[in-house]
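Asker: After the structure tokens below, expect a handful of questions from me.
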Amino acid sequence: MAVTFDAGQGGPRRPAGRSVELSGLIRLAVRAREGSARAVLVRGPAGIGRTTLLGAVTDRLRPAGFTVRHHTGRPGGTGLRDRRGVNALFGPYQPAAPAAPDGPAAAGPGDTYAAHRRVYGQAVDLMAENPLALVLDDVQWCDEASLRCLDFLLRRAAARPLFVLLSQRTDCDGPGTGVLAEMLAQDRLDLVELGPLGLGATAQLVARALGAGPDERFVARCADVTGGNPQLLHRLLARLREAGVRPDASGAHRIAAAGAGVVASAVPECLAGQPRPVRRLARALAVLGHADTDLLTALSGVSGTRMAAAMDALRRHEFIAPADPGTPHTMCDPVRTAVLADLPAPELEELRARAARVLNDTGRPAADVADQLVLLAELDEPWMLDVLRDAAAEAPGRAAAEAAVRYLQRALAAARTEAQRKDIRVELARACARVAPAMALWHLRGALDAATGPLDQAPIAVEYGLAALNTSRAPEAVRILGRVLDGLHTALGTEPAAAVRELRTSVESALLVTAVNEKAAMTVVRERARTWPVPEGDSPAERRLLSAMSTYAALDGGSAHEAASLARRSLRVEETAPSGWWVLGSSLVLGLADEVDEALSGLERALAGSRTRYEPRMHVAALAGRSLTLHGVGDVTGAARDARAAVDICAHGERTAGSPLPHIALSTALLSQGKAREAAALLEPLGRAGTDRTIWEWHHYLYTQARVLRELGDLEGALELWLRCGRSLDEAGVTNPVLAPWWLPATTTLVRLGRATEAAGVVERAEEHIRRWGTPRAHGIGLIAAAVVADGRTRVDRLAEAVDVLADSPARMEHAKAAYQLGHELLARDDAPGARRNLRQSIELATRCGYHALSAVARTLLVTAGGRMPQIAASPLDSLTDSERRIASLAQGGISNREIAEALFITPRTVEMHLTNVYRKLDVRGRADLPGGLRASGPPDTRRRGPAPGVPAASH
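Counting from 1 along the sequence shown, just add 313 to a position and that's the residue number in our numbering.
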């Protein structure tokens, strides 16, 4: 017989305006009772009716046969071993009896898995009798360990009668917020968002409270004043009822005044009748916002039994929320404002100053002290300025960066000497760099003007150069850095002290990096740096200089081995200071040099650092750089993912709105996916004035835009852009053949347009650059270009050699192109079997790369050659690069990350980065879930330094 969800004779609670949500929750509970575990998160701000809705559901669960366990989260309990939430639902942990001497030891509370298993066992016992409902209100306050345990329970009890009902307050974060976000992202929770009450529900509550059918305007006004928040609406209606207001048109005019004072006006009135200790305690807590008992005692002077009685009074009048013993007491912002509203300004100033002193003297975080100091009219004690600066220095992330700017602006206004103002301007510029870069440059310029002499100017000039990087102020920054460097050489002579040498090296590296993307400045700076000795890399400044030198070596197109060596030396130490552009530059050089594993490891390092310190401009650049690197090794899907992420950040961030490289990277991936028109739309706004002064963005733009035109049928337009790209690189003195390899498609297009002599000239000029750079990728695509202008059997030989060379490079897409062109040439020479063999290879490579455009044309040509259309399974394994597949196969065999790193001569961080990519691509949780089909390999021999049997050493 079916069991209905009915609350019996008394009737269930029916929250107004929540019938749809209530019905949906009941339907999910029915499914859970039938043996399909369900978990629901009801989410909304304070007062929106979450608790009432949970109560209404609970009223119906018990009569329907559910065993209901309920818990309400309280602030406190953040540790991974706290588990107070789970203990409240299932009872505290009871240690098992001691194990027998020859048996396994009993699991203790610290054994997370054992604790999860214990809870699962208790839940199974309960579900053996009745369906089980676990109801957790205010789950954002629940400890992380309990939520991890519930997540484990949901996964293990997926086919059992379990219903988990959670509610989260969205206007505050707690220990459980992050875990809830993870569970939502992994689709383990159904989400119910509680919005404002509609006019119909508001009308019901008005009629119930005021005893008459309300006027429509009265209802609309109530909804407007309270924002549809049920709790505020109940309070408003109670005040209106006390004032004798009727719910008609005339009463609607009285709602605004009542609503504005529904909380605030009651607070002073209530406080006025309270004993003096209550008033003092309320004001202390209103100033602090949240505080523990000791801090409140120090600020208010109320202690002992008076403190306990005063706290009870504040809770009774709802000035503060209930809190567990030992947790901080909290007062919400509207009540804080109301408590302090009637306090005379001098008294409030003195109370805030005393609060700052108490916080500082008791060793509280600098940010807590600074929050009080910024509100003071006068900062008349020296320590106050120091605390503001300390708080700004300790502030990571965007929100904290905005707070740091606020602290330092107040400190700047209070500074008493020119030296203080100069130092604070530099600190303020660092904070502004994350949220307002133009303001950062303005403050640094002011600090430079106030500095005296090259030694004083040098560190400020370095900051100015890095802040101006890739902006219109970069040329000015190059001039400033050059002038400061000249001053240092003049002032210091040939034998400066070690600290001064480090400072000079920092200026040199900043000069190189600031100029590296500026066509006009780069040539001059490069000539200046040719006489500089290459540093050993023993200090952070020397490693930054090595990084900058590696970038110039790559642009010069000299030996890839030498450029990679400089880049590798710059990355050999993981700095505790921010890595920034130095790591990104070295990583891009390694990518150009075909050292892809090291390049991706460095890019991951740059991304991790930019996430931690909230550097959106750096993060976008690193994402775009990784996208281009992944595209270069044939991971088109991964390249598109990173590029889209970077474009999304640009679309929503003021700091990154003008960054062209993410759009270029995404267009590059889209072209390989056969989406030329979408790529064209992305590139259209990028040819604006200013981009043509850059090296990286401008030439990648010209190269990619030309590819778009070719795909859309405009060969003449494409050729003009490729030739323009080559001329622009020549003007800048950039000879690297793989940075933007315009010469290959230009050669092909010239031949198609009947201009073979010009094409041969392009190839001849490129061959010297290819020989100097010397990577397999450069050599392979050079052979393709040489084949295009060759005749007879020479063309076939060159293409065959290109296929062989590219097979030993990380350039899978170029390998696919070479195989296609060889197949095309062999078919033209009536060698159908050879053509089919190479076309199948091209199709297989292109498919695994996600290079749909090439795969389509190769399939068509294969049919023409009399071959069958190969059915290549779209396996997720195909998306793995060779390095990822090799490392995953070793990990699957039980080899540790450190052993893999030693076997392949790479760093453990590189191994972790590759495994993270593998888990993401294959959608698995860890090495235990890796599928079959990975190349097998035995464990490495850790007794010697060399590759594992069957595992080729990583190339360097």
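Cβ atoms here follow ideal geometry from the backbone N, Cα and C, with glycine treated the same way. Fair warning: this is a prediction, and the values are worked out from it, not measured in the lab.
1) Between which two residues does the alpha helix (DSSP H) containing glycine 513 stretch?
2) I believe leucine 801 touches alanine 828 by the beta-carbon criterion, under 8 angstroms. Please report the beta-carbon distance rounded to the nearest angstrom.
3) With a cut-off of 8 angstroms on the beta carbons, I'd call valine 909 and serine 1202 a contact; round off their distance for me.
4) Would you be able to state if there are at least three C-beta pairs under 8 angstroms between the region 1013-1030 and the region 842-853?
5) For aspartate 450, name the three-state secondary structure that DSSP assigns.
6) How big is the Cα-Cα spacing for glutamine 733 and leucine 688?
7) By the three-class DSSP mapping on this structure, what secondary structure does leucine 475 have?
8) Using a Cβ-Cβ cutoff of less than 8 angstroms, which residues in the same chain neighbour valine 671 once the five nearest sequence positions on both sides are dropped?
9) Identify every residue that forms a DSSP beta bridge with valine 505.
10) Is valine 604 helix, strand or coil when you go by DSSP?
11) Which full runs of the alpha helix (DSSP H) of 4+ residues lie inside the region 655-728, going along the chain?
12) Beta-carbon within less than 6 angstroms of cysteine 1162's beta-carbon, same chain only, minus the 5 sequence neighbours each way: which residues are those?
13) Please look up how many angstroms separate the CB atoms of alanine 669 and glutamine 685, rounded, as I've assumed it's under 8 angstroms.
14) Anyone know if the C-beta pair for arginine 1111 and alanine 1129 falls short of 9 angstroms?
15) Kindly indicate which residue of Glu691, Asp681, Val381 has the alpha-carbon position closest to the one of alanine 716.
16) Quick check: what's the CA-CA separation for tryptophan 755 versus alanine 742?
17) I'd like to check one pair, glutamate 506 with glycine 357: are the Cβ atoms closer than 9 angstroms?
18) Whole-angstrom Cβ separation of leucine 1032 and alanine 1059, contact assumed at under 8 angstroms?
19) Mind checking proline 414: buried by the 16 CB within 10 Å criterion, or exposed?
20) Compute the Euclidean distance between the alpha carbons of arginine 326 and cysteine 645, then round it to the nearest angstrom.
21) Three or more C-beta pairs under 8 angstroms: does that hold for the region 856-870 against the region 1046-1065?
22) So, helix, strand or coil for alanine 419, using DSSP?
23) Can you name the start and end residues of the alpha helix (DSSP H) that valine 333 belongs to?
24) Reducing DSSP to helix, strand and coil, say where arginine 918 ends up.
25) Below 8 angstroms, how does it come out for the region 454-469 and the region 423-438: are there three or more Cβ pairs, yes or no?
26) Does the beta-carbon of arginine 396, which I'm using as the reference point, lie nearer than 8 angstroms to any heavy atom of the ligand ADP?
27) How about leucine 913 and arginine 882: are their beta carbons less than 9 angstroms apart?
28) How would you write the range of the alpha helix (DSSP H) that threonine 864 sits in, first residue to last?
29) Just the Cα atoms here: how many angstroms apart are alanine 959 and leucine 553?
30) Going by DSSP, what residues sit across from serine 480 in a beta bridge?
31) DSSP on leucine 1052, reduced to helix/strand/coil?
32) Rank Ala1159, His1165, Ala1169, Thr1177 by C-alpha distance to the C-alpha of glutamate 1138 and give the top, closest one.
33) Cutting at 8 angstroms between CB atoms, please list the residues of its own chain near valine 820, excluding the five before and the five after it.
34) State yes or no: is the C-beta of leucine 996 within less than 9 angstroms of the C-beta of isoleucine 1008?
35) Given this structure, state the Cα-to-Cα distance separating histidine 874 from valine 399, to the nearest angstrom.
36) Counting along the chain, where does the alpha helix (DSSP H) carrying threonine 618 start and finish?
Answerer: The relevant details are as follows:
1) As a first step, residue 513 is located in the sequence shown; it is residue number 200 there, counting from the start. It spans 512-523 - the alpha helix (DSSP H) in which glycine 513 sits, taken as one unbroken run.
2) On the sequence shown, position 488 is the one that residue 801 refers to. On the sequence shown, position 515 is the one that residue 828 refers to. Incorrect: roughly 17 angstroms between the Cβ atoms, too far for contact.
3) Numbered from its first residue, the sequence shown carries residue 909 at position 596. Numbered from its first residue, the sequence shown carries residue 1202 at position 889. With 8 angstroms as the limit, valine 909 and serine 1202 do not qualify as a contact, their Cβ atoms being about 18 angstroms apart.
4) A contact is defined here as three or more CB-CB pairs under 8 angstroms, and the region 842-853 fails this definition with respect to the region 1013-1030.
5) Translated into positions along the sequence shown, residue 450 becomes position 137. Looking at aspartate 450 - three-state DSSP - the assignment turns out to be strand.
6) Within the sequence shown, residue 733 is the residue found at index 420, counting from 1. Within the sequence shown, residue 688 is the residue found at index 375, counting from 1. Using only the alpha carbons, I get a separation of about 21 angstroms.
7) Translated into the one-based positions of the sequence shown, residue 475 becomes position 162. Note: leucine 475 maps to strand in three-state DSSP.
8) Numbered from 1 along the sequence shown, position 358 holds the residue referred to as residue 671. If the five residues before and after valine 671 are omitted, its C-beta is found closer than 8 angstroms to the C-beta atoms of Leu608, Ala611, Leu612, all from its own chain and listed in chain order.
9) Stepping through the sequence shown from its first residue, residue 505 is reached at position 192. Note: valine 505 sits in a beta bridge opposite Val355.
10) Translated into the one-based positions of the sequence shown, residue 604 becomes position 291. As written in the sequence, residue 604 is alanine, which differs from the valine given in the question. Reduced to three states, the DSSP call for alanine 604 is strand.
11) 658-674, 679-686, 695-706, 710-727
12) Taking the sequence shown and counting its residues from 1, one reaches residue 1162 at position 849. Closer than 6 angstroms at the Cβ level, and outside the excluded window around cysteine 1162, lie Gly947, Val949, Arg1125, Met1126.
13) Within the sequence shown, numbered from 1, the residue matching residue 669 stands at position 356. Within the sequence shown, numbered from 1, the residue matching residue 685 stands at position 372. Indeed they touch by this definition, with Cβ atoms about 4 angstroms apart.
14) In the sequence shown, counting from the first residue as 1, residue 1111 sits at position 798. In the sequence shown, counting from the first residue as 1, residue 1129 sits at position 816. Not in contact: arginine 1111 and alanine 1129 (Cβ atoms no closer than 9 angstroms).
15) Counting from 1 along the sequence shown, the entry for residue 716 is found at position 403. Out of Glu691, Asp681, Val381, Asp681 has the C-alpha closest to the C-alpha of alanine 716.
16) Residue mapping note: residue 755 aligns to position 442 of the sequence shown, counting from 1. Residue mapping note: residue 742 aligns to position 429 of the sequence shown, counting from 1. Tryptophan 755 and alanine 742 have their C-alpha atoms spaced approximately 8 angstroms apart.
17) Here residue 357 corresponds to residue number 44 of the sequence shown, with the count starting at 1. Here residue 506 corresponds to residue number 193 of the sequence shown, with the count starting at 1. The answer is yes: Cβ separation under 9 angstroms.
18) Mapped onto the sequence shown, residue 1032 falls at position 719. Mapped onto the sequence shown, residue 1059 falls at position 746. Their Cβ separation, rounded to whole angstroms, is 6 angstroms, which keeps leucine 1032 and alanine 1059 in contact under 8 angstroms.
19) Mapped onto the sequence shown, residue 414 falls at position 101. Reliability fails at proline 414, whose pLDDT of 42 lies under 50, so the model's placement of it is uncertain and the value that follows must be treated cautiously. With fewer than 16 other Cβ atoms within 10 Å, it is exposed.
20) Your numbering for residue 326 matches position 13 in the sequence shown. Your numbering for residue 645 matches position 332 in the sequence shown. Approximately 29 angstroms, taken between the alpha carbons.
21) yes
22) Looking up residue 419 in the sequence shown gives position 106. In this prediction, alanine 419 has a pLDDT of 40, which is less than 50 and means its spatial position is unreliable; what the coordinates show is noted afterwards. Looking at alanine 419 - three-state DSSP - the assignment turns out to be coil, as it is neither helix nor strand.
23) The residue labelled residue 333 in the question sits at position 20 within the sequence shown. Segment 332-346, the alpha helix (DSSP H) holding valine 333.
24) Numbered from its first residue, the sequence shown carries residue 918 at position 605. Note: arginine 918 maps to helix in three-state DSSP.
25) Touching, per the Cβ criterion.
26) The ligand ADP is absent from the structure shown, which contains no ligands of any kind.
27) Numbered from 1 along the sequence shown, position 600 holds the residue referred to as residue 913. Numbered from 1 along the sequence shown, position 569 holds the residue referred to as residue 882. It is not a contact, given that the beta carbons lie outside the stated cut-off.
28) Sequence index remark: in the sequence shown, residue 864 carries index 551 (1-based). Threonine 864 -> alpha helix (DSSP H) spans 853-869.
29) To locate residue 959, count along the sequence shown from 1; it is residue 646. To locate residue 553, count along the sequence shown from 1; it is residue 240. The alpha-carbon atoms of alanine 959 and leucine 553 are separated by roughly 52 angstroms.
30) In the sequence shown, residue 480 corresponds to position 167, counting from 1. Looking at the DSSP assignment, serine 480 forms a beta bridge with Val355.
31) Within the sequence shown, the letter at position 739 stands for residue 1052. Three-state result, leucine 1052: coil.
32) Counted from its first residue, the sequence shown places residue 1138 at position 825. Closest option to glutamate 1138, Cα to Cα, is Thr1177.
33) Counting from 1 along the sequence shown, the entry for residue 820 is found at position 507. Once the five neighbours on either side are set aside, the close Cβ partners of valine 820 are Ala771, Ala774, Val775, Leu794, Val797, Leu798, Leu801.
34) As a position in the sequence shown, residue 996 is number 683, starting the count at 1. As a position in the sequence shown, residue 1008 is number 695, starting the count at 1. Cβ distance not < 9 angstroms, so leucine 996 and isoleucine 1008 don't count as in contact.
35) As a first step, residue 874 must be located in the sequence shown, where it is residue number 561. As a first step, residue 399 must be located in the sequence shown, where it is residue number 86. Each residue's Cα considered, the two are about 58 angstroms apart.
36) The count along the sequence shown starts at 1 and reaches residue 618 at position 305. Counting along the chain, the alpha helix (DSSP H) containing threonine 618 begins and ends at 617-629.
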